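Q:
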Amino acid sequence: TRLQAKQEITEYIEIFYNRQRKQEKSGYLSPTEFTQRYYANQLAA
Numbered sequence: 054t055r056l057q058a059k060q061e062i063t064e065y066i067e068i069f070y071n072r073q074r075k076q077e078k079s080g081y082l083s084p085t086e087f088t089q090r091y092y093a094n095q096l097a098a
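Each number in the numbering used here corresponds to the 1-based position in the sequence shown with 53 added.
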């Protein structure tokens, strides 16, 4: 159904694509890599 397709596409985008996609703003790091580096720097400071 359309609803099921919409839910599956949204899930793919939110769970996989957005977590893997590299961002120019963050030096071409994935959001997960950027967050990990951010917190590592905070702990080191």
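Each residue gets a CB set at the ideal place from its N, CA and C atoms; glycine is no exception. If you're wondering where the values come from, they're calculated on a predicted model, not measured in any experiment.
(1) Taking 8 Å as the threshold (C-beta atoms), are Q95 and S83 in contact?
(2) Pull the bridge partners of Q76 from the DSSP assignment, please.
(3) In its own chain, which residues sit with a C-beta less than 6 Å from the C-beta of G80, not counting the 5 before and 5 after it?
(4) In whole angstroms, what separates the C-alpha of Q57 from that of E67?
A: Working from what's here:
(1) Contact annotation: S83 and Q95 have beta-carbon atoms that are not nearer than 8 Å.
(2) Answer is L82.
(3) Listed in chain order, the non-local C-beta contacts of G80 below 6 Å within the same chain number zero, local neighbours out to five positions each way being set aside.
(4) Spanning the two alpha carbons is a distance of roughly 15 Å.
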